[in-house]
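Each remark here refers to the structure printed beneath this line.
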Amino acid sequence: MKKYILILFISLCGFSAFACDICGCGVGSYYLGLLPEFNKRFIGLRYQHKILRTHLGPGGKTSYLTTNETYQSAELWGGWNLGSKFRILYFVPYNFNERSSVETKGQKSGLGDIALMGYYNVFNNRNTVNDQLLVQSLWVGAGVKVPSGKYEPRDRDVLTESPNNFQLGTASTDFTLNATYDVRLMDFGVNVNTNYKINTASKYEYRYGNKLTTNVLAYYKIRVAKMLTVAPNAGVLYETSAKDIENKRFAVDVSGGYSLAILTGLEANLKRFSFGVNYQAVASQQLAAGSVRAGNRLMVHTSVAF
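For the sequence shown, counting from 1, position 249 maps to 483 in the working numbering; every step adds exactly one.
Spelled out as structure tokens, the structure:
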């Protein structure tokens, strides 16, 4: 009974963030989803594409200040199981940011903030229910993000009330609390990921708002020719963030908010190799008091287990 109370608690907490900026664009997004299948280790690459429109007026009206922003990242990521109880995940992003408006254009690229997460396996059960295999696992842990990405204070434009999003890094060391629960009855399963990010103030006296991210995915495994497994999946992704704080006491108006996205994707495993694609269609949002609007997002990944 205690086990299921814990699972319920984690699921509810997910709807009370795990990135440090608006809607996961800009300086980081650690969406996990379904991990590749691996016994000991895996390493791979992920590509993410996100768009954002800022400086919107009342009712989402555009003006000469309205800016279109594109955030792309190529990310080295991987995992390592240490025995049966411990797991480490790491993320090393290289970011490509672009923005344009009627008056200005800008772009920057470079190393982003590197993140490391450690997990502990609370339980991993395999039972038979009415002659059907039921598999459940729960991993909980914590992580740290280091300020390896470049931060430019001049891009915090107070006069135009620009969100502090157009950065490669946050210039702060931040921490995460993470939980992953997976339950599968034969080939049908549900996966829940919850991540809470606790941000600290940088030397520039700017602190991004703490953020909570939860995603729930339903998936079905289809085995093809004994070597290939494909898993179509669908679900929801919810993100909510507190407002940023400047000079230890002033809340930044063009920050914070929430977004809800519908997820669709496909995962494939061929022996040691994994491939996946995930599309996130924003269904509802209220970001920076309506002055920011996020577009749909795409993620593609590949990895190899060894």
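Even for Gly, the Cβ is constructed at its ideal location relative to N, Cα and C.
Can you tell me the Cα-Cα spacing of Gln306 and Val356, whole angstroms?
Approximately 35 Å between the Cα atoms of the pair.
With which residues is Tyr438 paired in a DSSP beta bridge?
Paired residues: none, contrary to the question.
Report buried or exposed for Gly541, applying the criterion of at least 16 other Cβ atoms within 10 angstroms of its Cβ.
Summary: the structure shown does not reach residue 541, with the chain confined to residues 235 through 540, and so no result is reported for it.
If we count the other Cβ atoms within 10 Å of its Cβ and call it buried at 16 or more, is Val486 buried or exposed?
That one is buried.
Own chain residues within Cβ distance below 6 Å of Arg441, not counting five before or after:
These residues qualify, in order along the chain: Asn433, Ala435 and Ile479.
Between Asn429 and Asn412, is the Cβ-Cβ spacing less than 7 Å?
Asn429 is a Cβ neighbour of Asn412, given a cutoff of 7 Å.
Would you kindly check if the distance between the Cβ of Asn503 and the Cβ of Thr550 is under 7 Å?
Coverage of the chain is limited to positions 235 through 540, which leaves residue 550 absent and any answer about it impossible.
Going by DSSP, what residue range makes up the beta strand (DSSP E) through His535?
Arg531 to Ala539 is the extent of the beta strand (DSSP E) around His535.
Grab me the residues of Lys477's own chain with a C-beta within less than 8 Å of its C-beta, minus the 5 sequence neighbours each way, in chain order.
Result list for Lys477: Gly443, Ala485, Val486, Asp487, Ser489 and Gly490, in chain order.
Kindly indicate which three-state DSSP category Arg527 falls into: helix, strand or coil?
Strand at Arg527.
In angstroms with no decimal places, state the Cα-to-Cα distance between Ser334 and Ala515.
Within the model, the alpha-carbon separation for Ser334 versus Ala515 is close to 23 Å.
Whole angstroms are fine: how far does the CA of Asn481 sit from the CA of Tyr513?
Taking the straight line joining both Cα atoms gives about 37 Å.
Quick one: grab the DSSP three-state call for Pro466.
If DSSP states are grouped into helix, strand and coil, Pro466 belongs with the strands.
Between Tyr298, Asn302, Trp314 and Leu286, which has its C-alpha nearest Phe276's C-alpha?
Distances from the CA of Phe276 to each of Tyr298, Asn302, Trp314 and Leu286 were compared; the closest alpha carbon is that of Trp314.
Boundaries of the beta strand (DSSP E) in which Gln514 is found, first to last residue:
Looking at the DSSP string, the run of the beta strand (DSSP E) that includes Gln514 is Phe507 to Leu521.
Determine the burial state of Val378: buried for a count of at least 16 other Cβ atoms within 10 Å of its Cβ, exposed for fewer.
The residue in question, Val378, is exposed, as its Cβ has fewer than 16 Cβ neighbours within 10 Å.
Decide yes or no for the touch test of the stretch 402 to 410 against the stretch 367 to 384: beta carbon pairs closer than 8 Å, at least 3 of them.
Between the stretch 402 to 410 and the stretch 367 to 384, the count of Cβ pairs shorter than 8 Å is three or higher; the stretches touch.
Could you tell me the boundaries of the beta strand (DSSP E) in which Arg418 lies?
Following the DSSP letters along the chain, one finds Arg418 inside the beta strand (DSSP E) bounded by residues Asp408 to Leu419.
Please return the same chain residues whose Cβ sits closer than 7 Å to the Cβ of Lys384, not counting the five positions on each side in sequence.
For Lys384, where only same-chain residues beyond five positions count, the Cβ hits under 7 Å are Gly344, Leu402 and Gly403.
Distance, Leu471 Cα to Tyr324 Cα
Cα to Cα, Tyr324 sits roughly 21 Å from Leu471.
Helix, strand or coil: which one does DSSP assign to Gly375?
In the structure shown, Gly375 sits in a strand (DSSP, three-state: E or B).
Within a Cβ cutoff of 6 Å, which residues of the same chain sit near Arg457, ignoring the five residues on either side of it in sequence?
Correct list, in chain order: Thr463.
Rounded separation between Glu309 and Thr474 - CA only:
Roughly 23 Å separates the two Cα atoms.
Identify which residue in Asn273, Ser382 and Arg506 has its Cα closest to the Cα of Lys319.
When only C-alpha atoms are compared, the closest one is Asn273.
Between Asn361 and Leu368, how many whole angstroms is the CB-CB distance? I'm expecting something under 8 Å.
Between Leu368 and Asn361 the Cβ distance is about 5 Å, and since that is below 8 Å, they are a contact.
Keeping to the same chain, check which residues put their C-beta closer than 6 Å to that of Val450; ignore five residues upstream and five downstream.
Result list for Val450: Val426, Gly469 and Val470, in chain order.
Do Cys329 and Gly346 have their CB atoms nearer than 7 Å?
Contrary to the premise, residue 329 reads as Asn rather than Cys in this sequence. A contact, by the Cβ cut-off of 7 Å.
Taking only runs that begin and end inside the stretch 257 to 321, name each unbroken beta strand (DSSP E) of 3 or more residues, in chain order.
Runs found: 275 to 288 and 301 to 316.
Where His283 and Ala495 are concerned, what is the direct C-alpha to C-alpha distance, given to the nearest angstrom?
Looking at the two C-alpha atoms, the distance is approximately 15 Å.
Please go through the same chain and pick out, in chain order, the residues whose beta-carbon is closer than 6 Å to the beta-carbon of Thr414, but skip the five residues on each side of it.
Here Thr414 has Trp373 and Asn427 as same chain residues with Cβ atoms under 6 Å from its own Cβ, once five neighbours each way along the sequence are excluded.
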